[in-house]
Amino acid sequence: MRSEDSNFISEITKKKAELIHHGKIFVPDSIKLPYPLSSSTAGPGAGKKALALSFGGTRLKLGVTKEKDSKFSLRKNGEEYQILKSGTVFVDGVKIIPTLLHAPNQAFVNLQDSCIYNCEFCATPMLESQKEKDPDQIVRMILKAAEDGDFQSVAITSGIVESPKETFDDILEVVRKVKKNLGDVEVGVEPYVMKPEDIERLHDAGATEIKINIETFDKNIFDKLCPELDYDHILKMLEHAVKVFGRGKVTTNIIIGLGESDENVLEGLEHFAEMGVVAVIRVLRINDYNHARIVKALGHEIQNVLPQRMIRLAQEQKRILENHNLSTGTFKTMCHACGCCDIVPFWDV
Ligand code: SF4
Numbered sequence: 113m114r115s116e117d118s119n120f121i122s123e124i125t126k127k128k129a130e131l132i133h134h135g136k137i138f139v140p141d142s143i144k145l146p147y148p149l150s151s152s153t154a155g156p157g158a159g160k161k162a163l164a165l166s167f168g169g170t171r172l173k174l175g176v177t178k179e180k181d182s183k184f185s186l187r188k189n190g191e192e193y194q195i196l197k198s199g200t201v202f203v204d205g206v207k208i209i210p211t212l213l214h215a216p217n218q219a220f221v222n223l224q225d226s227c228i229y230n231c232e233f234c235a236t237p238m239l240e241s242q243k244e245k246d247p248d249q250i251v252r253m254i255l256k257a258a259e260d261g262d263f264q265s266v267a268i269t270s271g272i273v274e275s276p277k278e279t280f281d282d283i284l285e286v287v288r289k290v291k292k293n294l295g296d297v298e299v300g301v302e303p304y305v306m307k308p309e310d311i312e313r314l315h316d317a318g319a320t321e322i323k324i325n326i327e328t329f330d331k332n333i334f335d336k337l338c339p340e341l342d343y344d345h346i347l348k349m350l351e352h353a354v355k356v357f358g359r360g361k362v363t364t365n366i367i368i369g370l371g372e373s374d375e376n377v378l379e380g381l382e383h384f385a386e387m388g389v390v391a392v393i394r395v396l397r398i399n400d401y402n403h404a405r406i407v408k409a410l411g412h413e414i415q416n417v418l419p420q421r422m423i424r425l426a427q428e429q430k431r432i433l434e435n436h437n438l439s440t441g442t443f444k445t446m447c448h449a450c451g452c453c454d455i456v457p458f459w460d461v
């Protein structure tokens, strides 16, 4: 799937982008799924049941819908599956793949399902089942997942429940205990960091990769959607994270579909690559939890990102990363290593 020609776009990548754009698939009750559906409790996809699939060397997660007339549906075909588009075969040779904890091959845990911050695109604060989880319970889940033959790495994210400090301390405790039990396993963390020393403490505890989310490089949009967070503080923390974790070991989400321009996204990708940060370009998932909130905060309607835009930006990002001797391939945890939700440079383009 990884191609040498930067202008070549495979049919598989075009189809993946179209499926990400649509976002959901109908699975008839007659299909007995070999693995349980994956559920997400963090970020823009929170609250949805999803199916992880692989085909043509790529991976994809799609929300599962009960709407029979949905454009895309799944059909069993011998030992494998087909994705149908309006009733005709769109992708053949599809496999359903297991998600260990949330992601294929990763024990990717969310410490807390709720959040005191109210970023308008994020469904986490809106979820009904907001159970307190204690760090030891999370560590046990990770250690159990690590016994699975598919296990490769650990990733830890969290909503902020009481205070950033308490949540940070919980993440730190989980990292320490996981490393104590699993030795040199790769551990990615997605924390809210208050000060540079937090980043050092996570690294000293054994975390190997870090994601600190800027969400959008457009400061005007950021201020409207994440009014309780500080854009400049996040940029400073990312810069410090590269000093501690190294180039190609720090990442950040840039959500597209909020009304930002391509120029702004490219400026952000360039800015981060210059720093040594490999951003994830994440297509906004519009759902019942976030649609009205985003429209109200932005003051305008939003539209699904077109497949061509996803591919174009991924190609541009690949070029930018190459110019800075960076790659998505240096990550062993979180989204670059998973590849289910995005058109990933060096993988899909
Ligand atoms: S790409 Fe990221 S958000 Fe999507 S399933 Fe994989 S780890 Fe989760």
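Converting from the sequence shown to my numbering requires adding 112 to each position, the first position being numbered 1.
By construction, the Cβ of each residue, glycine as well, lies at the ideal position given by its N, Cα and C atoms.
At what residues does the beta strand (DSSP E) containing residue i begin and finish?
| i | result |
| --- | --- |
| Tyr193 | 192-197 |
| Leu186 | 184-189 |
| Thr442 | That residue, Thr442, is in no beta strand (DSSP E); it is neither H nor E in DSSP. |
| Ser226 | Careful: Ser226 lies outside any beta strand (DSSP E) and carries neither H nor E. |
| Lys166 | According to the sequence provided, residue 166 is Ser. The question's Lys does not apply to it. Its beta strand (DSSP E) spans residues 161-167. |
| Phe202 | 200-208 |
If I measure Cβ to Cβ from residue i and keep anything under 8 angstroms in the same chain, skipping five residues before and after, which residues do I get?
| i | result |
| --- | --- |
| Gly369 | Val395, Leu396, Ile398, Ile414, Gln415, Asn416, Val417 |
| Leu186 | Ile137, Phe138, Val139, Pro140, Ile143, Leu163, Tyr193, Gln194, Ile195, Leu196, Val206 |
| Lys289 | Pro247, Asp248, Val251 |
| Val407 | Glu413, Ile414 |
| Met253 | Leu213, Ala219, Val221 |
| Leu350 | Ile324, Ile326, Val362, Thr364, Phe384, Met387, Val389 |
| Leu149 | Lys161, Ala162, Leu163, Val176 |
| Asp56 | Coverage of the chain is limited to positions 113 through 461, which leaves residue 56 absent and any answer about it impossible. |
| Glu274 | Ile228 |
| Gly291 | It should be pointed out that residue 291 corresponds to Lys in this sequence rather than to Gly. Result list for Lys291: Val297, Val299, Ala317, Gly318, in chain order. |
| Val287 | Ile268, Val299, Val301, Leu314, Ala317, Gly318, Ala319 |
Rounded to a whole number of angstroms, what is the C-alpha to C-alpha distance between residue i and residue j?
| i | j | result |
| --- | --- | --- |
| Ser122 | Asp282 | 43 angstroms |
| Ser270 | Cys231 | 14 angstroms |
| Asn199 | Ser182 | Correcting the residue identity first, residue 199 is Gly in this sequence and not Asn. So the two alpha carbons sit approximately 10 angstroms from each other. |
| Lys336 | Tyr401 | 17 angstroms |
| Leu174 | Met446 | 17 angstroms |
| Lys128 | Pro276 | 36 angstroms |
| Arg313 | Pro457 | 31 angstroms |
| Glu428 | Ile366 | 14 angstroms |
| Glu259 | Glu285 | 21 angstroms |
| Lys444 | Ile268 | 13 angstroms |
| Ser265 | Ile432 | 27 angstroms |
| Thr211 | Phe184 | 21 angstroms |
| Val390 | Leu438 | 7 angstroms |
| Pro156 | Cys452 | Its pLDDT being 45, under 50, Pro156 is placed unreliably by the model, and the measurement read from it follows with that caveat. Looking at the two C-alpha atoms, the distance is approximately 14 angstroms. |
| Thr328 | Gly190 | 43 angstroms |
| Leu223 | Pro303 | 10 angstroms |
| Lys355 | Glu298 | 18 angstroms |
| Lys245 | Lys430 | 38 angstroms |
| Leu378 | Leu425 | 8 angstroms |
| Tyr147 | Ser166 | 14 angstroms |
| Ile311 | Lys178 | 43 angstroms |
| Glu130 | Asp460 | 13 angstroms |
| Phe120 | Asp374 | 21 angstroms |
| Ile132 | Asp454 | 8 angstroms |
| Ile423 | Thr440 | 15 angstroms |
In chain order, what residues of the same chain have a beta carbon less than 6 angstroms from the beta carbon of residue i, not counting five sequence neighbours either side?
| i | result |
| --- | --- |
| Ile322 | Val301, Ala353, Phe357, Val362 |
| Thr442 | Gly360 |
| Ser151 | Lys161 |
| Ala449 | Phe443 |
| His436 | Ala385 |
| Met306 | Pro276 |
| Tyr343 | Lys331, Phe334 |
| Asn376 | Phe329, Asp330 |
| Pro308 | His352 |
Which one of the options has the shortest CA to CA distance from residue i?
| i | options | result |
| --- | --- | --- |
| Tyr229 | Thr279, Ile366, His436, Phe202 | Thr279 |
| Cys234 | Ala319, Asp460, Leu378, Ala404 | Ala404 |
| Ala215 | Tyr343, Glu309, Arg171, Ile333 | Arg171 |
| Arg421 | Ile393, Leu410, His345 | Ile393 |
| Thr125 | His436, Pro419, Asn376 | Pro419 |
| Gly295 | Leu255, Asp344, Lys307 | Leu255 |
| Ala257 | Asn293, Asp225, Ser226, Ile272 | Asn293 |
| Leu410 | Asp310, Asp330, Val287 | Asp330 |
| Leu145 | Phe334, Phe202, Ile132, Ile208 | Ile208 |
| Leu473 | Glu434, Cys338, Gly168 | Lying before the first or after the last residue shown, residue 473 is absent from the chain, which here runs from 113 to 461. |
Which same chain residues, not among the five before or five after residue i, have their C-beta less than 7 angstroms away from its C-beta?
| i | result |
| --- | --- |
| Asp204 | Gln194 |
| Glu340 | Tyr229, Asn230 |
| Lys180 | Phe138 |
| His466 | No information on residue 466 is available, as it lies outside the stretch 113 to 461 that the chain covers here. |
| Lys188 | Ile143 |
| His315 | Val356, Phe357 |
| Lys348 | none |
Residue range of the alpha helix (DSSP H) that residue i falls in?
| i | result |
| --- | --- |
| Gln415 | Looking at the DSSP string, Gln415 is not in any alpha helix (DSSP H), and its letter there is neither H nor E. |
| Leu294 | 276-294 |
| Thr125 | 123-134 |
| Glu302 | Segment 298-302 is the beta strand (DSSP E) holding Glu302; no alpha helix (DSSP H) there. |
| Leu314 | 308-317 |
| Ala449 | 446-450 |
Kindly provide the ranges of any alpha helix (DSSP H) runs that are 4 or more residues long and lie completely inside the segment 330-413, ordered along the chain. Runs found: 331-337, 343-357, 374-387, 403-410.
What runs of the beta strand (DSSP E), each 3 residues or longer, lie entirely inside the segment 249-274? Here the runs fully enclosed are 265-269.
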